[in-house]
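Worksheet: one structure, shown below.
Protein chains in written order, with our numbering: chain A, 360 to 522; chain B, 14 to 462.
Right, dumping it as structure tokens:
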């Protein structure tokens, strides 16, 4: 939950930095409640990567050596699935990533499992399988640098990227 | 006489390493020690001014090779009494006994047309006799003389230690550069002494985990070209690469079979998402799935007889090492300790399996017998992984990544660097293998043909 709050704060900061008026999202402390998002929100076009990152949330996080979706992650993906239904022309590549505390080869396999877990959950929520593909980067593309638990937690992730 | 000496040397090694292993157990790392042999490596003599420099260079390459092995101490040239011209005619063993050289290498270089003729003689100083001699013809241009230096180094190493050589070999590895988190990763190759360094890919796409063919100048590796992570085959002589197989999902963690005719690797069917082990025949291009388990199966490595495969799986509670027949039958777990085990590699001598281990937040490189007995750790670091064997089974190379420290804004202050290291498998003589950029995923070639 801490991570979600952090990422929300980050998003708000990002929006503020863009100089736009975040009418829809600023009123909410939860990045998940974007039901009132119109096709243009926070100055970004709907159905784009920016829209996904700012108004929906593009990623979910995993525990150490795990590809299980937590309840937070599931909640996040429900929002993402609604967004996918709203923008039916959008297709996504789901990237699986790991922290640095494993070997390259094992982490490539684990990253793929994380990406698959996210993909399969979205399919379970009614997103067409043909709109989702996966790729694993293992530990090669950390989101946050640093050899510490906070960084590792941010790096154990699956991230949706609009194709 | 020579046989006796070699035997004595081998016993000395065994005795020293064993006795120290038991003493060092409390820190978990076995550090063997050996008594390196003092050897006088003289500059190869030439009366032709155009060959004097290469004579000196050959001697230097051999000296550096033997010194890095940890089994020899090349004596400093300033201590030599007999000069090279005189030595070239006949060694005065008394002069070499005084400086306590057990062995003496002499050689000469002559020019014949466009070639150097390089000859060497290795002497046992105390026995007062020659052990081995040889001669090579090599083109004057370029630095082919370096290969001759490595071949002579191997002759010396083999004659004195009784083990196979490893100097006339190359290393392929991943050269890393650029900002942390976005490092460019390129295939690079170099001689084992770091000379003749060459990049094989341009860095426009990421490559990982290269491995040498045991029989040809080919490399298999994983590439992210076109954002499709797949196993590729690179022909060093032709400078060409091709994809291995036509798999609809990710293929990775490749290694050659001992005969070089097959590649074993992991494949993740994108409709399932689980990694299983496949063997691909490079001639027929037929593939065969050999594991079928809901766990992650990864990092396969053939036994030198080609009959078994050791691999890494998280079936069960944690990551462990398993051995199976090449058809996937008779799967047996071999790792028994606490912690998690990764990246097993079978020694070319058949006797040992090297691996990466993670326990209590520390990373280790270790070796165990092929049934999992007598596990011992030989290197320990914040992060160390991916061992590769020298072709004589005496040394391991791997890479370490240092801990990354960041400031309050998440910018890297220090660390996060990857470097190659090698070590004697007794746990003795660990040293960095210097590369122009950062390095990871080293793989040792067989002895060159």
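By construction, the Cβ of each residue, glycine as well, lies at the ideal position given by its N, Cα and C atoms.
Quick caveat, the model's predicted, so the values are computed rather than measured.
### Query
From which residue to which residue does the beta strand (DSSP E) around residue 231 of chain B run?
231-236
### Task
Please name the residue in B:116, B:120, B:129 and B:125 whose C-alpha comes closest to that of residue 140 of chain B.
B:116
### Message
Can you tell me whether residue 266 of chain B is helix, strand or coil according to DSSP?
### Response
strand
### Query
Any chance the segment 483-490 of chain A sits against the segment 429-449 of chain A, with 3 or more Cβ pairs inside 8 Å?
yes
### Task
Specify, as a first and last residue, the run of the beta strand (DSSP E) that residue 394 of chain B falls within.
389-394
#### Entry: DSSP bridge partner residues for residue 451 of chain B (one or two, in chain order)
B:189
### Task
Flag residue 98 of chain B as yes if its beta-carbon sits less than 8 Å from any beta-carbon of chain A, otherwise no.
no
### Query
For chain B, is any of its Cβ atoms less than 8 Å away from the one on residue 434 of chain A?
no
### Task
Enumerate in chain order the residues of its own chain whose CB-to-CB distance from residue 522 of chain A is below 7 Å, with the five nearest sequence positions on each side excluded.
450, 451 and 452
### Query
Which residues mark the beginning and the end of the alpha helix (DSSP H) in which residue 473 of chain A is found?
463-483
### Message
Can you tell me whether residue 60 of chain B is buried or exposed? The criterion is at least 16 other CB atoms within 10 Å of its CB, across all chains shown.
### Response
exposed
### Message
Any beta carbon from chain A within less than 8 Å of residue 86 of chain B's own beta carbon?
### Response
no
### Task
Return yes when the Cβ of residue 347 of chain B is within less than 8 Å of the Cβ of residue 327 of chain B, no when it is not.
no
### Message
Run through chain B and tell me which residues come within less than 7 Å of residue 408 of chain A, C-beta to C-beta.
### Response
Correct list: empty, because the minimum Cβ distance to chain B is about 16 Å.
### Task
Grab me the residues of residue 336 of chain B's own chain with a C-beta within less than 6 Å of its C-beta, minus the 5 sequence neighbours each way, in chain order.
321, 323, 345 and 347
#### Entry: chain B contact for residue 504 of chain A (CB, 8 Å cutoff)
yes
### Message
I need the DSSP call for residue 243 of chain B, collapsed to helix, strand or coil.
### Response
strand
### Query
Is residue 495 of chain A close to chain B, meaning its C-beta is less than 8 Å from at least one C-beta of that chain?
yes
### Task
Can you have a look at residue 332 of chain B and say buried or exposed, based on whether 16 or more other CB atoms are within 10 angstroms of its CB?
buried
### Task
Ignore the nearest five residues each way along the sequence and tell me which others in residue 364 of chain B's own chain have a CB closer than 8 Å to its CB.
382, 383 and 406
### Task
Answer yes or no: does any C-beta atom of chain A fall closer than 8 Å to that of residue 242 of chain B?
yes
### Query
If you measure beta-carbon to beta-carbon, which residues of the segment 469-480 of chain A are closer than 7 Å to chain B?
469, 471, 472 and 475
### Query
Quick one: any contact between the segment 224-233 of chain B and the segment 265-279 of chain B, if contact means 3 or more CB pairs under 8 Å?
yes
### Query
Using a C-beta to C-beta distance shorter than 7 Å, which residues of chain B count as neighbours of residue 467 of chain A?
265
### Message
Looking at chain B, is there any beta carbon in it that lies within less than 8 Å of the beta carbon of residue 515 of chain A?
### Response
no
### Query
Three or more C-beta pairs closer than 8 Å, one from the segment 496-511 of chain A and one from the segment 404-421 of chain B: is that the case here?
yes
### Query
Residues in the segment 276-306 of chain B with C-beta within 9 Å of chain A's C-beta atoms, listed in sequence order?
279, 281, 283, 284, 285, 286, 287 and 288
### Query
Name the DSSP bridge partner or partners of residue 199 of chain B?
B:188
#### Entry: Chain-ordered chain A contacts of residue 333 of chain B [CB-CB under 7 Å]
Result: empty, since nearest Cβ-Cβ is about 12 Å, beyond 7 Å.
### Task
Express the C-alpha separation of residue 195 of chain B and residue 341 of chain A in angstroms, rounding to a whole number.
No information on residue 341 of chain A is available, as it lies outside the stretch 360 to 522 that chain A covers here.
### Message
Against chain B, with Cβ distances strictly below 8 Å, would residue 395 of chain A count as a contact?
### Response
Only weak support is given to the placement of residue 395 of chain A: the predicted model assigns it a pLDDT of 44, under 50, and the question is left unresolved by the model.
### Query
Quick one: any contact between the segment 179-192 of chain B and the segment 98-107 of chain B, if contact means 3 or more CB pairs under 8 Å?
no
#### Entry: Partners in chain A for residue 309 of chain B, counting only beta-carbon separations shorter than 8 Å
465, 468, 469 and 472
### Query
For a contact meaning CB atoms closer than 8 Å, what does residue 500 of chain A contact in chain B?
194 and 195
### Query
Taking C-alpha atoms, which residue in A:499, A:465, A:505 and A:455 lies nearest to residue 428 of chain A?
A:455
### Message
I need the DSSP call for residue 297 of chain B, collapsed to helix, strand or coil.
### Response
coil
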